[in-house]
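**Student:** In full-length UniProt numbering, the protein residues as written are 1 to 340. A virtual CB, placed ideally from N, CA and C, is assigned to each residue, including glycine.
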């Protein structure tokens, strides 16, 4: 059954990738490639500046995670920054709905002295914070639309509201499940269906302790969750600053509120491609399509997409390198502890 499910998931990913590639091709059909190459060439010397907003974004998102680890022996801020960067690189590159790097984060965090239960619970809560803050960010973009572009197409606006509602509903269900002993409930359900693997059943007590840690967090650390949410929302604001800076680099400055609308709605498009590694095609097509809607043109939209992909490539490479270094360091520590 597992192999069949994996095969089906693979086919769905391929279909989504093909669909997103077609959408991107249609969106780019009106781009002036000569003008695009000229703009990117002129912007070349300013490209390092584009790394700064995401550095600030990542710092705020790491601080958000750190707030959830306040009662645990968490690693220093700089090291936690690298742990998150490494895990997020895997999240981006694996077709696992942005969950592919979470086990790696938990492993690295455990190597830094944080207990498995605490590490995993902090990641589960932080994932809920991530999605809820994203919903609020997209809502801010939708609320700004009438002021930024009074003639924004009504069908697209309605689609944005519906998509945000679906995303918010999913986040609410995820949050609700976290407070209802999800692991124990899943085991009981699988037992009733006669599908519970022996390996999962053998870890029932350990998973029950994890459920207790997770539900206890929401009872005892509400203030930490609010702080984490606020910091993550500030991180999204820095994300909008990246769009603002990118258009200045391309020689076409736009107002900050337009940058926020464009980025917020493009994040909604990216969320639809959560099963595709790095949202290939979906993110890019969304950016170009929204640039057309906001009367910026396909060429500028393509320029923003290229600049964002270049930034992503730099930070993904840094994250993968950080992951290799941290994993090697963890192995060295385990050897020392074994021989001690």
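If contacts are defined as beta-carbon pairs under 8 Å, then residue 102 and residue 123 qualify, I think. What distance do you get, rounded to the angstrom?
**Tutor:** 5 Å
**Student:** Start and end of the alpha helix (DSSP H) containing residue 126?
**Tutor:** 116-148
**Student:** For residue 1, which residues from the same chain have a beta carbon less than 7 Å from its beta carbon, with the 5 sequence-adjacent residues on both sides left out?
**Tutor:** Interpretation of residue 1 is limited by its pLDDT of 43, a score under 50 that renders its predicted location unreliable; the figure taken from the coordinates is listed afterwards. No residues qualify anywhere along the chain.
**Student:** Would you give the residue range spanned by the alpha helix (DSSP H) that residue 229 belongs to?
**Tutor:** Residue 229 -> alpha helix (DSSP H) spans 222-249.
**Student:** At which residues does the alpha helix (DSSP H) containing residue 202 begin and terminate?
**Tutor:** Per DSSP, residue 202 belongs to no alpha helix (DSSP H) and is neither H nor E.
**Student:** What span of residues does the alpha helix (DSSP H) with residue 263 cover, start to end?
**Tutor:** 256-272
**Student:** Tell me whether residue 1 sits in a helix, a strand or coil according to DSSP, three-state version.
**Tutor:** In this predicted model, residue 1 has a pLDDT of only 43, less than 50, meaning its place in the structure is not dependable enough to derive any value.
**Student:** Quick check on residue 105: buried or exposed, where buried means 16 or more other Cβ atoms within 10 Å of its Cβ?
**Tutor:** buried
**Student:** Taking 9 Å as the threshold (C-beta atoms), are residue 264 and residue 236 in contact?
**Tutor:** yes
**Student:** Within 10 angstroms of the Cβ of residue 211, are there 16 or more other Cβ atoms? Answer buried if so, exposed if not.
**Tutor:** buried
**Student:** Identify, in the order they occur along the chain, each residue of the same chain with its Cβ nearer than 6 Å to the Cβ of residue 283, setting aside the five sequence neighbours on each side.
**Tutor:** 270
**Student:** Please classify residue 129 as buried or exposed, where buried requires at least 16 neighbouring CB atoms within 10 angstroms.
**Tutor:** buried
**Student:** Out of curiosity, what's the CA-to-CA distance linking residue 54 and residue 91?
**Tutor:** 16 Å
**Student:** Determine the burial state of residue 296: buried for a count of at least 16 other Cβ atoms within 10 Å of its Cβ, exposed for fewer.
**Tutor:** buried
**Student:** Report the residue ranges of all alpha helix (DSSP H) runs contained in full by the segment 21-87; include only those spanning at least 4 residues, in chain order.
**Tutor:** The segment 21-87 contains these whole alpha helix (DSSP H) runs: 33-43 and 51-68.
**Student:** For the segment 300-309 and the segment 169-179, state whether three or more C-beta atom pairs, one from each stretch, are separated by less than 8 Å.
**Tutor:** no
**Student:** How far does the alpha helix (DSSP H) with residue 286 in it reach, from first residue to last?
**Tutor:** Residues 282-293.
**Student:** Quick check on residue 299: does DSSP put it in helix, strand or coil?
**Tutor:** When DSSP states are grouped into helix, strand and coil, residue 299 belongs to the helix group.
**Student:** Would you report the Cα separation of residue 70 and residue 293, rounded to the nearest angstrom?
**Tutor:** When rounded, the distance between both Cα atoms is 44 Å.
**Student:** Reducing DSSP to helix, strand and coil, say where residue 100 ends up.
**Tutor:** Residue state, collapsed to three classes: coil.
**Student:** Could you check whether the segment 249-263 touches the segment 143-152, counting it as contact only if at least three pairs of C-beta atoms, one from each stretch, sit closer than 8 Å?
**Tutor:** yes
**Student:** CB residue 267 to CB residue 137, shorter than 9 Å?
**Tutor:** yes
**Student:** What is the residue span of the alpha helix (DSSP H) that residue 170 lies within?
**Tutor:** 154-178
**Student:** Among 186, 76 and 127, whose alpha-carbon lies nearest the alpha-carbon of residue 114?
**Tutor:** Measuring from the Cα of residue 114, the nearest candidate turns out to be 76.
**Student:** Could you give the residue range of the alpha helix (DSSP H) that holds residue 182?
**Tutor:** Here the alpha helix (DSSP H) through residue 182 covers 182-193.
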